[in-house]
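Residue numbers (the working numbering), protein chains in the order written: chain A, 1 to 224; chain B, 1001 to 1224. Virtual Cβ for every residue (Gly too), placed ideally from N, Cα, C. No experiment lies behind these values; they were computed from the predicted model shown.
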DNA sequence: GAACGAAGATAGTATTACTATCATTAGAGA
DNA sequence: TCTCTAATGATAGTAATACTATCTTCGTTC
């Protein structure tokens, strides 16, 4: 018997649910690969269609446009991360250890989770680093936000915020610190690899140093 | 007599120096306004040309493409900020006060500086918040970085990093903390306005709260 | 075997992101 | 004053992008 991991996605993210057909799953799988390979700007539905062996129109039946597809896979990623955070912290009592675990999950490269056949999480992680903030840095944020497209990100942020408050109930900025950790886990990784002079991890490009930086940042801030 | 503020720009940013002609200045002035109005994705050289009363080809004589124009105005912004940081900190002895000043400069809305007739800094600040990271979150980062297109950002980061070290010479992550402050000064502002549940500044949308958050973050981290 | 929905095949449109060419004009230097 | 040049204007054209529409086919279900 195989274990399957299903993530319930907001219906406004797609026109037709990609999880419920072979073509849909191919769109996600190859979409992730193509965005990673060429970058989101150069990514088009036409190229994706050619990759899969279907037509442009076929893809438009699933997603309104490529921006929606990016939001979809990002939302999937955040949901999956929140699930991982839950799994890896629910047997931990000490909130400090919990928070350390979370930082590690955020800042460390993931391996492909075999229970999700049509998503390669390690590539997805790279996409989120480079393209993730493009999901909301648009003129349509508020509109998209009303449709709850960013809910998984917000849920994760709230979850981490609550762990921060467990550590120190008097800390005044749990949510801002939470979004700072999330963003910086990715940005410092990007900087380390492509603009190393913006970081202190230049030489050996070791993700564990990002973890140490974030731990230092977080725990000195929330210290009672 | 009028004071003029001239910022020396990297020549690789443009094909023809926009500061040296009326048309060039118009491209910058109206470009900033149009990007702010419609967002970078919807911004085209054709629309800009119509706005100015010139032709598409005319703009292509100055900038290779719209991404280069975005890098140009971003580089201008970072240079200008570094200049402001220098002006506002060079009479301050105490590095802690210096750093506080820097945080305020980063996180507080600016007013239009009348010495730069063809740049509206308050609009530019908004653009940097929403579009700034798109300058480097591309597949061409390394290439663009080799041409030193991000030098002004890196200079500012280094400058702030050195002030951090003045505060505490033993602090291990001056550059990463510096890039964190810079990015978060903008991201927390964006979140406050468009995705408030990712912050703790939801109710009254007061920039001073971002300053307080960043001060708390920075000074607890570097405390000896 | 009728009915339906998903997918394939094909076509078409407006816009985007350029490149090329040629004419006009304003200013600099001889 | 003449001339040369560089900047701009005017116009055209192309390949790619971002869609929308329509019609057919195929497999399933009732």
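Return the Cβ separation of residue i and residue j in integer angstroms, given the expectation that the two are a contact with Cβ distance under 8 Å.
i: residue 276 of chain A; j: residue 1174 of chain B; result: Outside the shown range of chain A (1 to 224) lies residue 276 of chain A, about which nothing can therefore be said.
i: residue 5 of chain A; j: residue 1134 of chain B; result: In fact, because the Cβ distance is near 33 Å, the residues do not count as touching under 8 Å.
i: residue 179 of chain A; j: residue 157 of chain A; result: 5 Å
i: residue 1107 of chain B; j: residue 1214 of chain B; result: 6 Å
i: residue 1188 of chain B; j: residue 176 of chain A; result: 6 Å
i: residue 152 of chain A; j: residue 79 of chain A; result: 4 Å
i: residue 1059 of chain B; j: residue 1045 of chain B; result: 5 Å
i: residue 1222 of chain B; j: residue 1168 of chain B; result: 4 Å
i: residue 1072 of chain B; j: residue 1013 of chain B; result: 5 Å
i: residue 1049 of chain B; j: residue 1041 of chain B; result: Not a contact, Cβ separation roughly 18 Å.
i: residue 971 of chain B; j: residue 1010 of chain B; result: Because chain B in this structure spans residues 1001 to 1224, residue 971 of chain B falls outside the shown range and cannot be described.
i: residue 38 of chain A; j: residue 1139 of chain B; result: 7 Å
So residue i is in the alpha helix (DSSP H); what residue range does that whole segment cover?
i: residue 1187 of chain B; result: 1174-1194
i: residue 73 of chain A; result: 66-89
i: residue 1051 of chain B; result: 1045-1052
i: residue 1058 of chain B; result: 1056-1060
i: residue 220 of chain A; result: 207-222
i: residue 102 of chain A; result: 95-107
State yes or no: is the beta carbon of residue i nearer than 8 Å to at least one beta carbon in chain B?
i: residue 188 of chain A; result: yes
i: residue 138 of chain A; result: yes
i: residue 180 of chain A; result: yes
i: residue 157 of chain A; result: yes
i: residue 117 of chain A; result: no
i: residue 79 of chain A; result: no
i: residue 175 of chain A; result: yes
i: residue 108 of chain A; result: no
i: residue 162 of chain A; result: no
i: residue 130 of chain A; result: yes
i: residue 82 of chain A; result: no
Please classify residue i: does DSSP put it in a helix, a strand, or coil?
i: residue 31 of chain A; result: helix
i: residue 1125 of chain B; result: helix
i: residue 1150 of chain B; result: coil
i: residue 1006 of chain B; result: coil
i: residue 170 of chain A; result: coil
i: residue 165 of chain A; result: helix
i: residue 110 of chain A; result: coil
i: residue 41 of chain A; result: coil
i: residue 1130 of chain B; result: helix
i: residue 1200 of chain B; result: coil
i: residue 1144 of chain B; result: helix
i: residue 160 of chain A; result: helix
i: residue 1135 of chain B; result: helix
i: residue 23 of chain A; result: helix
i: residue 1036 of chain B; result: helix
i: residue 1155 of chain B; result: helix
i: residue 15 of chain A; result: coil
Below 7 Å CB to CB, which residues in the same chain sit around residue i once its five sequence neighbours on both sides are set aside?
i: residue 1129 of chain B; result: 1186, 1189 and 1190
i: residue 64 of chain A; result: 15
i: residue 1069 of chain B; result: 1031 and 1063
Got a sec? Which residues, its chain only, sit under 8 Å from residue i by beta carbon, not counting five neighbours each side?
i: residue 165 of chain A; result: 171 and 174
i: residue 1054 of chain B; result: 1023 and 1026
i: residue 61 of chain A; result: 15 and 16
i: residue 1247 of chain B; result: What is shown of chain B runs 1001 to 1224, which leaves residue 1247 of chain B out entirely.
i: residue 1122 of chain B; result: 1109, 1110, 1111 and 1112
Below 7 Å, is the gap between the Cβ of residue i and the nearest heavy atom of the ligand SAH?
i: residue 157 of chain A; result: Ligands are entirely absent from the displayed structure, and the ligand SAH is therefore not among its contents.
Output yes if chain A places a C-beta closer than 8 Å to the C-beta of residue i; else output no.
i: residue 1114 of chain B; result: no
i: residue 1031 of chain B; result: no
i: residue 1169 of chain B; result: no
i: residue 1208 of chain B; result: no
i: residue 1074 of chain B; result: no
i: residue 1134 of chain B; result: yes
i: residue 1221 of chain B; result: yes
i: residue 1199 of chain B; result: yes
i: residue 1001 of chain B; result: At residue 1001 of chain B, the pLDDT of 49 sits below 50, so the modelled position is not reliable; the number obtained from the coordinates is stated separately. With 8 Å as the cut-off, residue 1001 of chain B does not count as an interface residue toward chain A.
i: residue 1213 of chain B; result: yes
i: residue 1166 of chain B; result: no
Skipping 5 residues on each side, what residues in its chain have a beta carbon closer than 6 Å to that of residue i?
i: residue 28 of chain A; result: 18 and 118
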